[in-house]
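Under numbering that gives the first Met the number 0, the residues of the sequence shown are numbered 0 to 111, in order.
Below is one structure; the comments refer to it alone.
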Amino acid sequence: MNSRDEFVDTVRDKVYDKDTFTADDKMGDAKIDIKPYLEAINMGLEGLPDGVKVDRVQPNRDNCLSDESCVLWENGRMTQTMLLRLQHVECGEIEIQIELINAQGRRGGLYI
């Protein structure tokens with residue numbers, strides 16, 4: 000979780016397995032570029048109809064995307080679902096969805 004006041008446009012996600020009797024093993028990591036999502040949020044598009052694709056992000060060398068990712072306005076929320084290739088591992092992917100949350104009363108306010 001990152002406070003929006005401490006602006007970052009890239010988040011690194013580390014993935015581990017869950018072992019019961021031994022230490023968890025690192026399975027890889029992925030770089031998550033949240034800049035397109037934050038730019039869509041800052042457009043102030045709250046009046047859009049459900050299902051509008053606000054932005055499309057293509058896989059490239061600078062991100063870990065396995066496939067196109069869309070920033071989507073649905074049910075009064077802006078979300079982005081991403082399928083990410085894990086780095087520093089032979090193979091593996093994770094699927095994540097990001098959404099800006101207004102966490103009033105928690106240190107800072109807005110979180111991804």
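No residue lacks a Cβ here, since even glycine has one placed at the ideal position from N, Cα and C.
- In chain order, each alpha helix (DSSP H) run of at least 4 residues that lies wholly inside the stretch 0–47: 34–40
- Message: Counting beta carbon pairs with one atom in the stretch 58–69 and one in the stretch 17–34, are three or more of them shorter than 8 angstroms?
- Response: yes
- Could you tell me the boundaries of the beta strand (DSSP E) in which residue 54 lies? In the sequence shown, counting from the first residue as 1, residue 54 sits at position 55. Residues 51–56.
- residue 67: which of 84, 88, 20 sits nearest, CA to CA? Residue numbering aside, residue 67 sits at position 68 when the sequence shown is read from its first letter. Nearest of 84, 88, 20 to residue 67, Cα basis: 84.
- For residue 27, is the classification buried or exposed, using 16 other Cβ atoms within 10 angstroms of its Cβ as the cut-off for buried? Translated into the one-based positions of the sequence shown, residue 27 becomes position 28. Buried is the call here.
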